[in-house]
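First residue of the sequence shown: 13, per my numbering; consecutive thereafter.
A virtual CB, placed ideally from N, CA and C, is assigned to each residue, including glycine.
Since the structure comes first, as structure tokens, the remarks are kept for the end.
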Amino acid sequence: DAYRAAGRRTGTIVLVTLVGGLAAAAPVLPGVVLWSAGRETGSEATTAAAVVAVALGLVPAIFLTVRFLLWPGSAVVEGHRGLTPLRRSWRLVRGETWRTLGAVFLVGLVLLGAAFVLFTMLFAIFLGTGGPVTESLLRSVVLWTGVASALLLSATLPLAELVIALLYVDARVRKEGLAFDTLAGETGVDPTP
């Protein structure tokens with residue numbers, strides 16, 4: 013049912029993903045352009061300005077990313093089309109920006125911790141053999157790191173999506189007094205046990 017509901021909204025999902033991603037990346041783009049110019053000309057001053065511009069652009073980029081975070085619920089559950097899911101997400105997160113950022117930050121720490129443990133164990137296995145570092149060993153490390161990355165993403169991405177869905181429902185409960193029956197009606201789920 014979820015895939016069928018999301019499938020009907022594919023155009024909106026693609027549009028909002030592109031526009032929201034570009035809007036969130038826009039504050040960092042001047043620094044990226046400066047960085048490229050500094051690398052081409054070899055100018056250390058331009059490269060330093062690029063680093064400052066990227067650092068300053070990160071604050072609004074993170075802010076915009078957090079404000080646009082809840083658009084999937086608006087598009088899929090509520091059925092909004094066009095750019096309305098971005099505006100809806102903005103309204104839902106307003107006043108809850110720090111709490112939303114905190115939840116996303118905690119999930120990021122959990123995922124980063126899981127990746128650190130997995131890759132530390134992987135490198136310890138490969139490099140702990142005590143033998144010389146050969147091309148064959150490096151190829152094995154690269155191959156198994158790729159496999160481990162795919163498995164880790166498959167296992168942890170649902171956690172990130174679950175947190176976003178819970179933040180969406182929580183924002184609607186706090187701001188709109190969303191009742192379970194209303195949410196069940198919007199999603200097409202029978203609320204009776």
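Check, Outcome
"Going by Cα to Cα distance, which pick from L27, A36, G120, Y15 is closest to L70?", "A36"
"For T24, count neighbouring C-beta atoms within 10 Å of its own C-beta (all shown protein chains included) and say buried if the count is 16 or more, exposed if not.", "buried"
"Please report the straight-line C-alpha distance between T194 and L163, rounded to a whole angstrom.", "36 Å"
"Apply the 10 Å Cβ neighbour rule to E108 and answer buried if 16 or more other Cβ atoms are within range, or exposed otherwise.", "buried"
"Could you tell me the distance, in whole angstroms, from the CA atom of G120 to the CA atom of W110?", "15 Å"
"Looking at R184: is its Cβ nearer than 9 Å to the Cβ of G85?", "yes"
"Would you identify the three-state DSSP class for G91, choosing helix, strand or coil?", "coil"
"If you measure between the beta carbons of G32 and F75, is that distance less than 9 Å?", "no"
"Excluding the 5 residues preceding and the 5 following V105 in the sequence, name in chain order all residues of the same chain whose CB lies nearer than 7 Å to its CB.", "V78, R79, L81, L82, T112, A183"
"Using the Cα positions of A62 and G43, report the straight-line distance between them to the nearest angstrom.", "4 Å"
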